[in-house]
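Novice:
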Amino acid sequence: MNDSNYIGKEIPRIDALEKATGEIKYMSDISFPGMLYGKILRAKYPHAKILNIDISKAKALKGVVVVVTHEDVPGTNGFGIVIPDQPVLCSDKVRYIGDAVAAVAAETEQIAEEAIKLINVEYELLPVVDDPVEALEKDAPKVHESGNVHLHTEISRGDVENAFKEADLIVENTYYTGRQEHVFLETESGVAYVDSDGTLVMLAGSQYPQRDQLQLARCLALNPRKIRVISYPVGGAFGGKDELTIQPILGLLALKTRKPIKIALSREESIISYWKRHPFILHYKTGVKRDGTIVFQEVKFIEDKGAYSSLGGPILNLAVEHACGPYRVSNVHIDAYAVFTNNGIAGAFRGFGVPQVTFAMETQMDIISEKLGIDPIELRRKNALRSGDLTPIGNKLTTSVGTVQVLDEIEKSSLWQRRKELTEPDPDKPWIKKGVGVALTYQGTGLGVGLPDYGGSLIEMNEDGGFTVKVGTVDYGQGIGTSYVQIVAEAMRCPIEKVRLILGDSYLTADSGPTSASRGVYTGGKASIIAAEKMVNILKNKAAILLNVPVENLEYKDGYIFVKDNS
-1 MNDSNYIGKE IPRIDALEKA TGEIKYMSDI SFPGMLYGKI LRAKYPHAKI
49 LNIDISKAKA LKGVVVVVTH EDVPGTNGFG IVIPDQPVLC SDKVRYIGDA
99 VAAVAAETEQ IAEEAIKLIN VEYELLPVVD DPVEALEKDA PKVHESGNVH
149 LHTEISRGDV ENAFKEADLI VENTYYTGRQ EHVFLETESG VAYVDSDGTL
199 VMLAGSQYPQ RDQLQLARCL ALNPRKIRVI SYPVGGAFGG KDELTIQPIL
249 GLLALKTRKP IKIALSREES IISYWKRHPF ILHYKTGVKR DGTIVFQEVK
299 FIEDKGAYSS LGGPILNLAV EHACGPYRVS NVHIDAYAVF TNNGIAGAFR
349 GFGVPQVTFA METQMDIISE KLGIDPIELR RKNALRSGDL TPIGNKLTTS
399 VGTVQVLDEI EKSSLWQRRK ELTEPDPDKP WIKKGVGVAL TYQGTGLGVG
449 LPDYGGSLIE MNEDGGFTVK VGTVDYGQGI GTSYVQIVAE AMRCPIEKVR
499 LILGDSYLTA DSGPTSASRG VYTGGKASII AAEKMVNILK NKAAILLNVP
549 VENLEYKDGY IFVKDNS
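Per this note's numbering, residue -1 is the first one in the sequence shown, and the count goes up by one each step.
1) Given that a residue counts as buried once 16 or more other Cβ atoms are within 10 Å of its Cβ, and exposed if not, what is residue 236?
2) Rank 405, 292, 274, 283 by C-alpha distance to the C-alpha of residue 342 and give the top, closest one.
3) Using 8 Å as the threshold, is the region 189 to 196 in touch with the region 254 to 262, meaning 3 or more CB pairs across them?
4) If I follow the unbroken beta strand (DSSP E) through residue 295, where does it start and stop?
5) At 4 residues or longer, what runs of the alpha helix (DSSP H) sit wholly inside the region 393 to 461?
6) Just to confirm the assignment: which complete beta strand (DSSP E) runs, minimum length 3, are found wholly within the region 78 to 162?
7) For residue 568, which residues from the same chain have a beta carbon less than 6 Å from its beta carbon, with the 5 sequence-adjacent residues on both sides left out?
8) How far does the beta strand (DSSP E) with residue 173 in it extend, from its first residue to its last?
9) By Cβ distance, which residues of its chain are closer than 7 Å to residue 182, with the 5 residues on each side in sequence left out?
10) Which residues mark the beginning and the end of the beta strand (DSSP E) in which residue 561 is found?
11) Among 348, 38, 352, whose alpha-carbon lies nearest the alpha-carbon of residue 324?
12) Taking just the CA atoms, how far does residue 139 sit from residue 132?
13) So if DSSP puts residue 278 in a beta bridge, which residue, or which two residues, is it bridged to?
14) Please work out which residues of its chain come closer than 8 Å, Cβ to Cβ, to residue 552, disregarding the five sequence neighbours upstream and downstream, and give them in chain order.
15) How would you call residue 52, buried or exposed, if buried means at least 16 neighbouring beta carbons within 10 angstroms?
16) Taking contact to mean 3 or more Cβ pairs, one atom from each stretch, closer than 8 Å, check whether the region 212 to 225 and the region 516 to 534 are in contact.
17) What did DSSP end up calling residue 498 once you bin it into helix, strand or coil?
18) Just to confirm before moving on: does the CB-CB distance between residue 24 and residue 207 stay below 8 Å?
19) How would you call residue 301, buried or exposed, if buried means at least 16 neighbouring beta carbons within 10 angstroms?
20) If we count the other Cβ atoms within 10 Å of its Cβ and call it buried at 16 or more, is residue 10 buried or exposed?
21) Would residue 101 and residue 39 be called neighbours here (beta carbons separated by less than 8 Å)?
22) Determine the direct distance from the alpha carbon of residue 356 to that of residue 438, and round the result to whole angstroms.
23) Excluding five sequence neighbours on each side, which residues of the same chain lie with their C-beta closer than 6 Å to the C-beta of residue 394?
24) Just to confirm my understanding: we take residue 197, look at its own chain, exclude 5 residues before and 5 after, and list those with CB closer than 6 Å. What are they?
25) Whole angstroms are fine: how far does the CA of residue 166 sit from the CA of residue 316?
26) Is the region 375 to 391 touching the region 404 to 412 in the sense that three or more CB pairs, one from each, lie closer than 8 Å?
27) Who does residue 48 pair with in a DSSP beta bridge?
28) Compare the C-alpha of residue 268 against each of 7, 77, 95 and name the closest.
29) Just the C-alpha distance for residue 229 and residue 499, rounded to the nearest angstrom, thanks.
30) So residue 347 is in the beta strand (DSSP E); what residue range does that whole segment cover?
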């Protein structure tokens, strides 16, 4: 029996009404009087040296307020969560179709579009490398002067060479996964303006306002406290707004004009210009005994990084960690590369490198199941990791592992029991194929780069006796805001109507880390519980002074403090 008031209970989402009525204002809906419109000139070649940028005709167009190039970037002309290697505006060369070269701000969107067409860029075309395998060759064209290998990770455990002799069956295959677009409903959009005190206010879709604040400070040569990033609400993200997108250019135009600037990308420009799921090429070699026991696995894969780093390194390493799936593999060799190419840029996307290796590993398991004549669930159950096991890369599982229990429940399910019946072909529709399958993966919660994986929450008491909760994470559709309100109302033991929420504001909210990796409710929620407990203690101590009674004689309930009835 759940005796809580709000946790585990169905309540209306706090933003449901304004979303249903269309009253909510997303970043692309925001406008200000006298607002200008920004447009970005993007590279039309995948690899080319910039010889000259002529902006004279664009500047002369009536209605154009400013045209900017790399020469106008006041700070570091580069951004990136791990390595700041992506230019705000390209200076020496472009590295993919979509690279930003120049930008304009004009009185109307139409004028801005026309001005972009008037900018003349003289290029010298360079050899293109669009195949990540070829990018590894010594004589391949270099995307960056440092070379095309962004990261190389190699892990060995056990004795793969000797394990070859134990295998009764070896399955070897190469797999390819494609580039994938996030297709969030709201494209990269935002408005920036300079406040009366000189603060740059950035209203743009983001998954981590405080990190954006620091990156923008470096690019724009501003004190971070002179930048305010507001990122709520956001119309979808899925990892695609974890990294900066339009914000550095938006901020640059606002600083140059001292007027509000709006940039809202078309769907076409969004697809061409920004982050995608990394394509992988994966080669798997798996050795098993006749009873299905995995005795060794060799994995080599290449991650197509595209032109810039972003989160390609952490994604590669997470893929390495999950490359053998949730299975016991005591003899393993994994060799992985993240490689620069002149293809479109790739970054964070739900799963963060794990879907690619899961697809390959689970296909291997199905092929092994078929070749050995072993039921696919039984094969997975036989090799599944249990509590106390070492993972293929040597991490010990010290907590509960529910893989076998999950497989047991799947096996008993109606869908699995009826799979032959359900997949019978329809003679009238032979072009329709049906299938019932099983695949396993395991999911991490949190950033996975060591503890602490911090969260932050501020709680203030309002004049009306209610409370305002301020958390730095962002609700981009997943409902995290409603979860926080439920958590705080429960912890404060007050009516949920008394809890007000502010999210994703670098000035007002606590730094809660990025809204990614399924961490938001856990980190921001736990921080809110701790903050609520502190608030209750503060209120009880204040009340003890006012009522002149020992604090232990006070009770906090339903948003009120009263003296316990000891009769």
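The beta-carbon is built from N, C-alpha and C at its ideal position, and this holds for glycine as well.
Specialist: Reading it off the structure:
1) buried
2) 274
3) yes
4) 292 to 304
5) 401 to 410, 412 to 415, 417 to 420
6) 98 to 104, 118 to 123, 147 to 155
7) This structure does not reach residue 568, given that the chain is present from -1 up to 565, and the question cannot be answered.
8) 167 to 175
9) 233, 234, 235, 236, 238
10) 558 to 561
11) 352
12) 9 Å
13) 175, 301
14) 538, 541, 542, 545, 559, 560, 561, 562
15) exposed
16) no
17) strand
18) no
19) buried
20) exposed
21) yes
22) 8 Å
23) 388
24) 224, 226
25) 30 Å
26) yes
27) 121
28) 95
29) 14 Å
30) Note, residue 347: premise wrong, no beta strand (DSSP E); not H, not E.
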